[in-house]
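Colleague: Heads up, my numbering is the position in the sequence shown plus 234, with the first residue counted as 1. Ideal Cβ positions, reconstructed from N, Cα and C, are used throughout, including at glycine. If you're wondering where the values come from, they're calculated on a predicted model, not measured in any experiment. Provided herewith is a single structure, encoded as structure tokens, for subsequent inquiry.
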Amino acid sequence: MKITEVKVIVTCPGRNYVFVKVMTDVPGLYGVGEGTLSGSEPIVAEAIRHMSHLLIGRDPQRIEDTWQLLYRQGYWRGGPIFMAAIAAIDFALWDIKGKQAGLPVYQLLGGKARDSVMCYSHAFGRDALETEDSARKLIEKGFKVVRCQIGGYGGVGVIGETPPLTPGTPPTSIYEPTPYLLSVPKLFAHLRDKLGPQIELFHDVHEQLTPIEAARLAKDLEPYRLFFLEDPLMPEHRESWPLLRAASTTPLAIGEILTSRWECLPLFMNHWIDFIRIKPLHVGGLTEARKIMTLAEPFNVRSAFHGASDVGPIAQSASVALQSVIPNFGVQEWTRYPEAAHEVVSNICELREGSLYPNEAPGFGMDIDEEKAARYPYKLAFMPHVRRADGSIHVY
Ligand code: MG
């Protein structure tokens, strides 16, 4: 069997996605994949087109060998652009193998260790009462784990925004840490009082704090028994993890912007975290994410895979397949996809009672409608950024 073509499909059915179809010389047999990287979609698309020159004529059944070739071919390797591009190809090769075998991808990985993948969703409001109300609605829908925020990232530390400089660029948030650090413990005191001790609650810092601020917040939140504190620090603050870890018994989760096993390994080996937030999409696909989760297993680190809406539906189904089979599963982030995304991608994983279920059809059981994708062309979009009240970029 040979790869004959790699089609790269950049589309915006409500938000931008980078999809691929890896075509083979077997009539009707192709694999679907995804390499979405928010704010950098055209760059990943170009990286995939560049890599595709190495793939034409190769045997798509050789997944590990192809991964090693794509990872090592550049000499300057790794990083989010390349790892998202490799993931897109890797997903498509697993999809081809599943279609060839007539089995869903989770069966190729060893079969289910659990019936479904428990998810969390996002509760938010302008104050603690609104956030409580939002959390209650999610609990009624069956969610057993709920992320709780006041406002956007930075909560009441966000004191305004400045308009975009040019069309397609986001507004800039104006953020101050002190009101934020004061408000978050009050939010969780309120939620524990109103929602009781059983429901699993947690908070996402989104890496906006300095190490000593993060340590204080983890300590202040300790009485409220969080499921975990998400992204309390940027991964670059590696030397500060012992300080944060020693400050409290609040469980810690990071990793949504990590892209390799070498970044994850010190976090595991030093027992600095409890949950790892990678997902196959940004670490080079299923092949690599499986290895990272195996590295995490002896250190009791569980998965809490990143699943913001920019982790598109094909990447999500890879996350669901992997978390169906690994022993060290924790939780999966869930956000709703735009309606139009369901027109472009078929059989998006089903959510029932706060859990996702893998498709039972061969491969990922999904397809990309190229005609419909073309009706939603790419729209220029960047990630928002944050400034302090004095106008300087928020450096944390
Ligand atoms: Mg986060």
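1) Over the uninterrupted alpha helix (DSSP H) stretch that includes Ser368, give me the two end residues.
2) Near Ile602, which residues of its chain fall below 7 Å by C-beta distance, leaving aside the five closest residues on each side in sequence?
3) I want to check one thing, is the minimum distance from the CB of Glu464 to the heavy atoms of ligand 1 below 7 Å?
4) On the criterion of 16 or more Cβ atoms from any shown chain inside 10 Å, does Arg609 qualify as buried, or is it exposed?
5) Any heavy atom of ligand 1 inside 7 Å of the beta-carbon of Asp438?
6) Here's a check: name, in chain order, each residue in its chain whose Cβ is nearer than 6 Å to the Cβ of Leu271, leaving out the five neighbours to either side.
7) Is it the case that the CB of Glu470 approaches a heavy atom of ligand 1 more closely than 7 Å?
8) Closer than 8 Å by C-beta to Pro276: which residues in its own chain qualify, once you throw out the five before and the five after it? Chain order, please.
9) Secondary structure at Gly255, three-state DSSP: helix, strand or coil?
10) Quick one: measure Cβ to Cβ for Gly308 and Ile237, integer angstroms, because I've assumed they're closer than 8 Å.
11) Quick one: residues in its chain with C-beta nearer than 8 Å to the C-beta of Gly376, no 5 flanking neighbours on either side, listed in chain order?
12) Just to check, is the beta-carbon of Glu490 closer than 7 Å to a non-hydrogen atom of ligand 1?
13) Return yes when the Cβ of Val392 is within less than 8 Å of the Cβ of Val565, no when it is not.
14) Can the beta-carbon of Val620 be found less than 8 Å from the beta-carbon of Ser407?
15) Relative to the C-alpha of Gly386, which residue among Gly312, Ile373, Cys246, Pro405 is closest?
16) Going by beta carbon distance, what residues of the same chain come within less than 6 Å of Gly546, once the five residues before and after it are set aside?
17) Let's test the definition: count the other Cβ atoms within 10 Å of the Cβ of Met503 and tell me whether it reaches 16, buried, or not, exposed.
18) Using only alpha-carbon positions, find the residue among Glu280, Trp310, Arg348 that is nearest to Val559.
19) Along the chain, where does the alpha helix (DSSP H) that runs through His540 open and close?
20) When DSSP labels each residue in this structure, what does Gln550 get in the three-state scheme?
21) Roughly how many whole angstroms lie between the Cα atoms of Ile582 and His576?
22) Between the alpha carbons of Glu447 and Leu478, how many angstroms are there, rounded?
23) Could you tell me the distance, in whole angstroms, from the CA atom of Ile373 to the CA atom of Ala357?
24) Going by beta-carbon coordinates alone, are Ser551 and Gly541 separated by less than 8 Å?
25) When DSSP builds the beta bridges, which residues end up paired with Met352?
26) Tell me Arg621's beta-bridge partners as DSSP assigns them.
27) What does the Cβ neighbour count give for His505, buried or exposed, with the cut at 16 atoms within 10 Å?
28) Nearest-angstrom Cα distance between Asp438 and Glu490?
29) May I ask which residues mark the beginning and end of the alpha helix (DSSP H) holding Tyr458?
30) Measuring CB to CB, does Leu556 end up less than 8 Å from Arg524?
31) For Glu584, does the count of other Cβ atoms within 10 angstroms reach 16, so buried, or fall short, so exposed?
32) Once you ignore the five residues that flank Ala449 on each side, which residues in its own chain have a CB closer than 7 Å to its CB?
33) Pop quiz: Ile330 and Leu304 are said to be a contact at Cβ under 8 Å. What is the actual Cβ separation, rounded to whole angstroms?
Modeller: Per the coordinate set shown:
1) On the sequence shown, position 134 is the one that residue 368 refers to. Going by DSSP, Ser368 is part of the alpha helix (DSSP H) stretching over 362-374.
2) Along the sequence shown, read from residue 1 onward, the residue named residue 602 stands at position 368. If we look at Ile602 and ignore the five residues flanking it on each side, its Cβ neighbours are Ile243, Phe253, Lys255, Val266, Val578, Val579.
3) Along the sequence shown, read from residue 1 onward, the residue named residue 464 stands at position 230. Checking the Cβ of Glu464 against ligand 1 gives yes.
4) Position 375 of the sequence shown, counted from the start, is the residue given in the question as residue 609. When all chains shown are included, Arg609 counts as exposed.
5) Stepping through the sequence shown from its first residue, residue 438 is reached at position 204. Yes.
6) Here residue 271 is taken as the residue at index 37 of the sequence shown, counted from 1. Contacts found: Val278, Pro314, Ala318.
7) Stepping through the sequence shown from its first residue, residue 470 is reached at position 236. No, the Cβ of Glu470 stays beyond 7 Å of every heavy atom of ligand 1.
8) Position 42 of the sequence shown, counted from the first residue, corresponds to residue 276. Excluding sequence neighbours, Pro276 sits near Val244, Tyr612.
9) In the sequence shown, residue 255 corresponds to position 21, counting from 1. Here residue 255 turns out to be Lys, not Gly, going by the sequence shown. Of the three classes helix, strand and coil, the one that applies to Lys255 here is strand, per DSSP.
10) Translated into the one-based positions of the sequence shown, residue 308 becomes position 74. Translated into the one-based positions of the sequence shown, residue 237 becomes position 3. With a Cβ gap of about 19 Å, Gly308 and Ile237 do not count as contacting.
11) Taking the sequence shown and counting its residues from 1, one reaches residue 376 at position 142. So the list reads Arg586, Glu587, Gly588, Ser589, once near-sequence residues are dropped.
12) Stepping through the sequence shown from its first residue, residue 490 is reached at position 256. Relative to ligand 1, Glu490 has its C-beta within less than 7 Å of a heavy atom.
13) The count along the sequence shown starts at 1 and reaches residue 565 at position 331. The count along the sequence shown starts at 1 and reaches residue 392 at position 158. Contact flag unset, no.
14) Residue mapping note: residue 620 aligns to position 386 of the sequence shown, counting from 1. Residue mapping note: residue 407 aligns to position 173 of the sequence shown, counting from 1. Less than 8 Å divides the Cβ of Val620 from the Cβ of Ser407.
15) On the sequence shown, residue 386 is found 152 positions in, with the first residue counted as 1. Gly386 has its Cα closest to that of Pro405, out of Gly312, Ile373, Cys246, Pro405.
16) The sequence position of residue 546 within the sequence shown is 312, counting from 1. Closer than 6 Å at the Cβ level, and outside the excluded window around Gly546, lie Tyr251, Glu268, Thr270.
17) Working through the sequence shown from its first residue, we reach residue 503 at position 269. By the neighbour-count rule (16 or more Cβ atoms within 10 Å), Met503 is not buried but exposed.
18) For the purposes of this step, residue 559 is taken as the residue at position 325 of the sequence shown. It is Arg348 whose Cα lies nearest to the Cα of Val559.
19) Indexing the sequence shown from 1 puts residue 540 at position 306. Neither: His540 is in no alpha helix (DSSP H) and is coded neither H nor E.
20) Stepping through the sequence shown from its first residue, residue 550 is reached at position 316. Under the three-state reduction of DSSP, Gln550 is assigned to helix.
21) Translated into positions along the sequence shown, residue 582 becomes position 348. Translated into positions along the sequence shown, residue 576 becomes position 342. Near 7 Å, if we compare the C-alpha coordinates of His576 and Ile582.
22) Mapped onto the sequence shown, residue 447 falls at position 213. Mapped onto the sequence shown, residue 478 falls at position 244. When the Cα atoms are used, Glu447 and Leu478 turn out to be separated by approximately 9 Å.
23) The residue labelled residue 373 in the question sits at position 139 within the sequence shown. The residue labelled residue 357 in the question sits at position 123 within the sequence shown. The straight-line gap from Cα to Cα measures roughly 10 Å.
24) Position 317 of the sequence shown holds residue 551. Position 307 of the sequence shown holds residue 541. No.
25) Here residue 352 refers to the residue found at position 118 when the sequence shown is read from its first residue. Per DSSP, Ser589.
26) The sequence position of residue 621 within the sequence shown is 387, counting from 1. Answer by DSSP bridge pairing, in chain order: Ile408, Ile627.
27) By one-based count along the sequence shown, residue 505 stands at place 271. By the 10 Å Cβ count, His505 comes out exposed.
28) Here the question's residue 438 lines up with position 204 in the sequence shown. Here the question's residue 490 lines up with position 256 in the sequence shown. Between Asp438 and Glu490, the C-alpha separation is close to 11 Å.
29) The count along the sequence shown starts at 1 and reaches residue 458 at position 224. Counting along the chain, Tyr458 falls outside any alpha helix (DSSP H), and DSSP gives it neither H nor E.
30) For the purposes of this step, residue 556 is taken as residue 322 along the sequence shown, with counting starting at 1. For the purposes of this step, residue 524 is taken as residue 290 along the sequence shown, with counting starting at 1. Contact: yes.
31) For this step, residue 584 is matched to residue 350 along the sequence shown. That one is exposed.
32) Residue 449 sits at position 215 when you count from the first residue of the sequence shown. So the qualifying residues of the chain are Leu477, Leu478, Ala481.
33) On the sequence shown, residue 330 is found 96 positions in, with the first residue counted as 1. On the sequence shown, residue 304 is found 70 positions in, with the first residue counted as 1. Ile330 to Leu304, Cβ: 16 Å. No contact.
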